[in-house]
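K.L.:
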Amino acid sequence: MKLLECEFGVVTQHVSKQTVDKVASGRGALLVYNNILQKMNMKLGGINWDLSANQAFLTRNKTSQDVVKTKWLNQARMFIGIDMSHAGPQSFVERNQGVPPSEPTIVGMAFTAGHPLLIRGTYWCQKPRLTIVDRLADKVAEALEIYHNVPQNKGNYPNHIVVFRGGISEGDYAKVITSEEQFFKQAFANIKKEKPDFREPILTIIVVQRTSNYRIVPQNPDPNAPPAKQNVPAGTVVDRGVMHPTQTEFLLVAHKAIQGTAHPIKCTVVYDNGEKHGQQRMSLEETEYITYHMCYGHAIVSSPVSVPAPLYSAGDLAKRGRNNWKAYAFGGDAESSISGEGGRARNSGDPNFWVDLSESLKPRISTKFWA
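Numbering (full-length UniProt numbering), first residue to last: 1 to 371.
The structure is reproduced here in structure tokens:
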């Protein structure tokens, strides 16, 4: 169904019989209605709520300025999430026979288009096990044009792009700085060729690691308290002591852990060219606040999720792309890419194979269809 959604450009929403029965019986009906309607609104291009500083925060900091709206998540900032779903290894037989790999790595990219909850996105295929994002310049240019064409942005482009990059290890940081940063600059240069008045935005790249070995626990947890009370509260940050002495990085527990010990994300700023634009680099405190507040942008659950919403959506898009590839290659039967019987998605060795495959699976819906 989701593959046909992309092929025909018709938004779909799957409601199972189990869900219908639950509503009919009256068990949690209101919550189910809310979830369905919130999903539907996002799929149709709507925004479910807004993000702003609460009164307690303003009072504590002795200010009346809503810094969430006017500074941290302001309309002129564009937030991009990039994540990957990697292909499985080839079979022993395929490797011995020199069969070109047919199962792609799927790249998911989600981005905000003015409002922090107005998220758009796409996915595409590339060579398996490739950790650097291929064809990124083209996709960034497309995202900037979508931002430019949103009426509320009044024909402007963002003046600052903040990228949350998932799916890479510390050993790949240098690759991100040297390769992907250049792809962004290439996208800016391509737009400037067509529109000479285009001003290159500030670029900040933050690597987000979901699977760090760090754990943050309270000093004196009550062993008799519920699990959520034995964890640190949502929004807990550690940015000194155990962190790298020269890199700008921090640990963040953004979500409320219901069971087990909360797993913090590790965020490392690997690139920030604010000084080249005559402005200061984002401070560590501002980076922490931005990252935490973007965890409230899921738009279907009102509580914060464990990673910033654009990166969360990028992961969902990569999974959607993987499932659509399976449906395209095997008719929805996950029997295996191991046998190499990948039908119309079998790699013939054509150098344009991955580009053509991406075009066949390209989503053609302009809203948050994966909600």
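Virtual Cβ for every residue (Gly too), placed ideally from N, Cα, C.
These figures come from a predicted structure and were not determined experimentally.
S336 by DSSP, collapsed to three states: which one?
P.N.:
Numbered from its first residue, the sequence shown carries residue 336 at position 336. Low confidence applies to S336: its pLDDT is 45, below 50, so where it sits in the model is not reliable, and the reading given next is rough at best. Coil, per DSSP.
K.L.:
Relative to the alpha-carbon of Y312, which residue among K326, A110, D50, N96 has its alpha-carbon at the smallest distance?
P.N.:
In the sequence shown, residue 312 corresponds to position 312, counting from 1. It is A110.
K.L.:
Tell me the DSSP bridge mates of M84?
P.N.:
Position 84 of the sequence shown, counted from the start, is the residue given in the question as residue 84. M84 pairs with V107.
K.L.:
Within the same chain, show all residues whose beta-carbon is closer than 8 Å to that of D239, passing over the 5 residues directly before and after it, in chain order.
P.N.:
The residue given as residue 239 occupies position 239 in the sequence shown. Answer for D239: E249, F250, L251, L284, E288, listed in chain order.
K.L.:
DSSP beta-bridge partners for residue 378?
P.N.:
The requested residue 378 is not part of the displayed model; the chain covers only 1 to 371.
K.L.:
Do A76 and G166 have their CB atoms nearer than 8 Å?
P.N.:
To locate residue 76, count along the sequence shown from 1; it is residue 76. To locate residue 166, count along the sequence shown from 1; it is residue 166. No, these two residues do not count as a Cβ contact at 8 Å.
K.L.:
How big is the Cα-Cα spacing for residue 406 and K326?
P.N.:
What is shown of the chain runs 1 to 371, which leaves residue 406 out entirely.
K.L.:
Return the chain-ordered list of same chain residues with a C-beta closer than 7 Å to the C-beta of L3, the five sequence neighbours on each side being excluded.
P.N.:
Along the sequence shown, read from residue 1 onward, the residue named residue 3 stands at position 3. Once the five neighbours on either side are set aside, the close Cβ partners of L3 are N324, A327, Y328.
K.L.:
Could you tell me the alpha carbon to alpha carbon distance between A113 and F164, rounded to whole angstroms?
P.N.:
Walking along the sequence shown from the start, residue 113 turns up at place 113. Walking along the sequence shown from the start, residue 164 turns up at place 164. Rounded to the nearest angstrom, the two C-alpha atoms are 15 Å apart.
K.L.:
Nearest-angstrom Cα distance between V20 and H293?
P.N.:
What you label residue 20 is simply residue 20 of the sequence shown in a count that begins at 1. What you label residue 293 is simply residue 293 of the sequence shown in a count that begins at 1. Those two C-alpha atoms are separated by around 34 Å.
K.L.:
In this structure, how does DSSP classify D197 when only helix, strand and coil are distinguished?
P.N.:
Counted from its first residue, the sequence shown places residue 197 at position 197. DSSP places D197 in coil when its eight states are reduced to three.
K.L.:
Nearer than 7 Å: is that true of the beta carbon of S25 relative to any heavy atom of the ligand FMN?
P.N.:
You won't find the ligand FMN in this model; it holds no ligand whatsoever.
K.L.:
Assess contact between the segment 199-206 and the segment 171-187, defined as three or more Cβ pairs (one per stretch) separated by less than 8 Å. Is contact present?
P.N.:
Touching, yes, given that three or more Cβ pairs across the two stretches are closer than 8 Å.
K.L.:
Between S52 and D66, is the Cβ-Cβ spacing less than 8 Å?
P.N.:
Position 52 of the sequence shown, counted from the first residue, corresponds to residue 52. Position 66 of the sequence shown, counted from the first residue, corresponds to residue 66. Contact: yes.
K.L.:
Where DSSP assigns a beta bridge to I206, which residues make up the other side?
P.N.:
Mapped onto the sequence shown, residue 206 falls at position 206. According to DSSP, I206 bridges with F164, V269.
K.L.:
Can you tell me whether DSSP reads V15 as helix, strand or coil?
P.N.:
The residue you call residue 15 lines up with position 15 of the sequence shown. Of the three classes helix, strand and coil, the one that applies to V15 here is coil, per DSSP.
K.L.:
Go to E285, then tell me how far its alpha helix (DSSP H) extends in each direction, as first and last residue.
P.N.:
Position 285 of the sequence shown holds residue 285. First-last of the alpha helix (DSSP H) with E285: 284-294.
K.L.:
Can you tell me the Cα-Cα spacing of Q13 and M40, whole angstroms?
P.N.:
Here the question's residue 13 lines up with position 13 in the sequence shown. Here the question's residue 40 lines up with position 40 in the sequence shown. Q13 and M40: Cα-Cα distance of roughly 7 Å.
K.L.:
Alpha carbon to alpha carbon, how far is D83 from P89?
P.N.:
What you label residue 83 is simply residue 83 of the sequence shown in a count that begins at 1. What you label residue 89 is simply residue 89 of the sequence shown in a count that begins at 1. Rounded to the nearest angstrom, the two C-alpha atoms are 19 Å apart.
K.L.:
Could you tell me which residues DSSP puts in a beta bridge with E7?
P.N.:
Locating residue 7 in the sequence shown gives position 7, where the first residue counts as 1. Beta-bridge pairing links E7 to no other residue.
K.L.:
Look up F250 in the DSSP assignment and say whether it is helix, strand or coil.
P.N.:
Reading the sequence shown from its first residue, position 250 is the one you call residue 250. Residue state, collapsed to three classes: strand.
K.L.:
Counting beta carbon pairs with one atom in the segment 215-230 and one in the segment 298-305, are three or more of them shorter than 8 Å?
P.N.:
No contact exists between the segment 298-305 and the segment 215-230.
K.L.:
On the three-state DSSP scale, how would you describe F188?
P.N.:
The sequence position of residue 188 within the sequence shown is 188, counting from 1. Helix.
K.L.:
Going by DSSP in three states, Q126 sits in which element: helix, strand or coil?
P.N.:
Mapped onto the sequence shown, residue 126 falls at position 126. Strand.
K.L.:
Can the beta-carbon of P245 be found less than 8 Å from the beta-carbon of I80?
P.N.:
Residue numbering aside, residue 245 sits at position 245 when the sequence shown is read from its first letter. Residue numbering aside, residue 80 sits at position 80 when the sequence shown is read from its first letter. Contact flag unset, no.
K.L.:
Does F79 come out as helix, strand or coil in the three-state DSSP assignment?
P.N.:
On the sequence shown, residue 79 is found 79 positions in, with the first residue counted as 1. Strand, per DSSP.
K.L.:
Under DSSP, the alpha helix (DSSP H) around V238 begins and ends at which residues?
P.N.:
Along the sequence shown, one-based indexing puts residue 238 at 238. Where V238 is concerned, there is no enclosing alpha helix (DSSP H), although the beta strand (DSSP E) it sits in stretches over 236-238.
K.L.:
Going by alpha carbons, who is nearest to T131 out of I168, K193, E275?
P.N.:
As a first step, residue 131 is located in the sequence shown; it is residue number 131 there, counting from the start. Taking only the C-alpha atoms, the option nearest T131 is I168.
K.L.:
Tell me whether the beta-carbon of L117 lies closer than 8 Å to the beta-carbon of N54.
P.N.:
As a working note, residue 117 is residue 117 in the sequence shown. As a working note, residue 54 is residue 54 in the sequence shown. Not closer than 8 Å, so no.
K.L.:
Do the segment 145-152 and the segment 181-189 make contact, defined as three or more Cβ pairs closer than 8 Å?
P.N.:
No, the segment 145-152 is not in contact with the segment 181-189.
K.L.:
Can you look up I132 in the DSSP assignment and give me helix, strand or coil?
P.N.:
As a first step, residue 132 is located in the sequence shown; it is residue number 132 there, counting from the start. Three-state result, I132: coil.
K.L.:
Can you tell me whether V10 is buried or exposed, with buried defined as 16 or more other CB within 10 angstroms of its CB?
P.N.:
In the sequence shown, residue 10 corresponds to position 10, counting from 1. Classification of V10: exposed, given that the 10 Å Cβ count is below 16.
K.L.:
Output needed for V68: all residues of its chain with C-beta closer than 7 Å, excluding positions within five of it in sequence on either side, in chain order.
P.N.:
Your numbering for residue 68 matches position 68 in the sequence shown. Taken in chain order, the residues that qualify are L51, S52, A53, H293.
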